[in-house]
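S.K.: Our numbering puts the sequence shown at residues 271 to 579.
We put the beta carbon where it would ideally sit given N, CA and C, even for glycine.
Just so you know, these numbers come straight off a predicted model, no measurement behind them.
Dropping a structure here in structure tokens format, bear with me for questions.
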Amino acid sequence: QELIWDSVIDTIERQLPEIEARAAALSAGSAAPLEASDDFATPRYVTALDIHCMPGGYAEPGGIAAGALYDRGVYLYAMGYMGPTNDDMGRSVANYIRRKMPGFAPKRILDMGCTVGHSTVPFKEAFPEAEVIGIDVAGPQVRYAHARAAGLGHDVGFMQRNAEATGFADGSFDLIVSHILLHETSGKAMPAIIRECHRLLSPGGMMIHADLPPFDLMDPFTQFILDNETWYNNEPFWGAMREIDQIALAKAAGFAEPRFDTAPMAIMEFAAAAESYTAEAAESLAERDFTAGEYAPGGGWEVLIGVKS
């Protein structure tokens, strides 16, 4: 993983003044809110090490450099498999909602752990009338995300807030999503985040957390291969998160019937051309077993779903 960052960081540093100037101009032209401060109390589970071996980590204070580095590095990490704007997870979950719940029309949407907004923007595209807000504990990420969304032609709000205690009022959102957030938190933070989701949702509102599957849904060899990330890629909660009973966690937070499902990958739909990508084709891909070495479980993302009664 170090080679990924090494291949990107020089280009970021060389162009940083220009990138910062363009980001400032884009953010100034956005009607959506931006909230970030270097005085923010970032959780230790984010600052104690450089997650994903990214130099300086996600929350290195000041500017947008860490956001720009993350944006380019993730594209290489995924080898383009997340699409030209790295948005496959968000697009996949948004497509899943529209396909499975065609009558669901959220007015306010929250993306927790949004980093640079790769998976946030697709929800504004899918639900253009909704107010969409992304939150993250890393200031450089939300600053970059705000400018990036504006550059893509969307007014999306980004705020530096902790998903454990967001500060939003009870019942503020109809839909709460996250995309590979849960495995980058901690054993104490994860239950708090699920409880916060329940508090923030309006009656009938829904949370969907997209990640890779729990270990009990994988064969032992695949568990072993994936756990490499825990030990050698600065992902200390990667393995531990997959051993947690997430269904029990969601029930304890107040969700009556939480469940797992698989959201078929949007990139597969794009590659097949939408008109020939049937619901049956999507489901057959999603139902494949996860195999070690694949970027996503078979042909989709594992999602933890909970609806507030």
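1. Using the C-alpha atoms, what's the distance from R284 back to R369?
2. Measure the C-alpha to C-alpha separation of E272 and C323 and round it to an integer number of angstroms.
3. Decide if Y366 is buried, meaning its Cβ has at least 16 other Cβ atoms within 10 Å, or exposed.
4. Closest to L422 by C-alpha separation, out of G570, P490, S300, S277, would be which residue?
5. Rounded to the nearest angstrom, how far is the Cβ of A329 from that of L286, given a contact under 8 Å?
6. Taking the C-alpha atoms as reference points, what is the distance between D515 and G576?
7. I need the straight-line Cα distance from G441 to L470, nearest angstrom please.
8. Applying the criterion that 16 or more other CB atoms from any shown protein chain within 10 Å of the CB defines a buried residue, is L380 buried or exposed?
9. Over the uninterrupted alpha helix (DSSP H) stretch that includes G360, give me the two end residues.
10. Name the residue from I321, R361, G332 whose alpha carbon lies nearest to the alpha carbon of G343.
11. Taking all protein chains shown into account, decide if N432 is buried (16 or more other Cβ within 10 angstroms of its Cβ) or exposed.
12. For D406, which option in P484, F397, E305 has the closest C-alpha, if you only look at C-alpha atoms?
13. Please classify D358: is it buried, with 16 or more other beta-carbons within 10 angstroms of its beta-carbon, or exposed?
14. Tell me which residues share the same chain as A293 and place their Cβ nearer than 6 Å to its Cβ, disregarding the 5 neighbours each side in the sequence.
15. Assuming A480 contacts I450 under a Cβ cut-off of 8 Å, what Cβ separation, rounded to an integer in Å, is found between them?
16. Tell me whether the beta-carbon of I403 lies closer than 7 Å to the beta-carbon of G383.
17. Would you list the one or two residues that DSSP bridges to D481?
18. Whole angstroms is fine: what's the gap from F310's alpha carbon to Q430's?
19. In three-state terms, what does DSSP make of P534?
20. Leaving out five residues before and five after T312 in sequence, what residues of the same chain have Cβ atoms less than 6 Å from its Cβ?
21. I'd like to know whether the C-beta atoms of W571 and A533 end up nearer to each other than 7 Å.
22. Out of curiosity, what's the CA-to-CA distance linking F494 and A295?
23. Note down, in chain order, each residue of its chain lying with its Cβ closer than 8 Å to the Cβ of V447, except the 5 sequence neighbours on either side.
24. So, for L445: in the same chain, excluding its five sequence neighbours on each side, which residues have a beta-carbon less than 7 Å away from its beta-carbon?
25. Grab me the residues of A526's own chain with a C-beta within less than 6 Å of its C-beta, minus the 5 sequence neighbours each way, in chain order.
26. Could you tell me which of D276, G326, A396 sits nearest to A536, measuring between CA atoms?
27. Rounded to whole angstroms, how far is the Cβ of G386 from the Cβ of Y340, which I believe are closer than 8 Å?
28. Quick one: what's got a C-beta closer than 8 Å to Q582's C-beta in the same chain, skipping five residues either side?
29. Name the one or two DSSP bridge partners that E305 has.
30. Between the C-alpha atoms of I463 and E434, what's the straight-line distance to the nearest angstrom?
31. Tell me the DSSP secondary structure of F491 in three-state form.
32. With distance defined between alpha-carbon atoms, name the residue in S307, L452, F443, A302 nearest to V573.
M.R.: In short:
1. Going from the Cα of R369 to the Cα of R284 covers about 44 Å.
2. Those two C-alpha atoms are separated by around 6 Å.
3. Classification for Y366: buried.
4. Nearest option by C-alpha distance: S300.
5. Not confirmed; about 17 Å, so no contact.
6. Going from the Cα of D515 to the Cα of G576 covers about 14 Å.
7. Distance between the alpha carbons of G441 and L470: 5 Å.
8. That one is buried.
9. Start and end: 358-370.
10. Nearest C-alpha to G343: I321.
11. Counting the other CB atoms within 10 Å of its CB gives N432 a total of 16 or more, which places it among the buried residues.
12. Closest in C-alpha terms to D406, from the list P484, F397, E305, comes E305.
13. By the neighbour-count rule (16 or more Cβ atoms within 10 Å), D358 is buried.
14. Around A293, the same chain offers I334, A417 as residues with beta carbons nearer than 6 Å, after the five sequence neighbours per side are excluded.
15. A Cβ-Cβ distance of about 7 Å is found for the pair A480 and I450, placing them in contact under the 8 Å criterion.
16. In terms of Cβ geometry, I403 and G383 do not form a close pair [threshold 7 Å].
17. The bridge partners DSSP lists for D481 are E572.
18. Straight across, the Cα-Cα distance linking F310 with Q430 is about 8 Å.
19. Strand.
20. Counting only Cβ-Cβ distances below 6 Å, and skipping sequence neighbours, we find A329, V407.
21. Yes; because the gap between Cβ atoms is below 7 Å, this pair is in contact.
22. Between F494 and A295, the C-alpha separation is close to 47 Å.
23. For V447, where only same-chain residues beyond five positions count, the Cβ hits under 8 Å are G360, V363, I379, L380, D381, M382, S389, F393, M477, I478, H479, A480.
24. Scanning its chain for C-beta atoms nearer than 7 Å, with the 5 sequence neighbours on each side dropped, one finds around L445 the residues P376, I379, G475, M476, in chain order.
25. For A526, same chain residues with a beta-carbon under 6 Å away, outside a window of 5 residues either side, are S579 in chain order.
26. For A536, the nearest C-alpha among the options comes from A396.
27. What sits at residue 386 in the sequence shown is Val, not Gly. Yes, V386 and Y340 are in contact; Cβ-Cβ is about 6 Å, under 8 Å.
28. In the structure as shown, the chain starts at 271 and stops at 579, and residue 582 therefore has no counterpart that could be examined.
29. Residue pairing for E305: DSSP places it in a beta bridge opposite M429.
30. If you take the alpha carbons of I463 and E434, they lie about 4 Å apart.
31. In the three-state reduction of the DSSP assignment, F491 falls in the helix class, which pools H, G and I.
32. Checked all of S307, L452, F443, A302; the closest Cα to V573 is L452.
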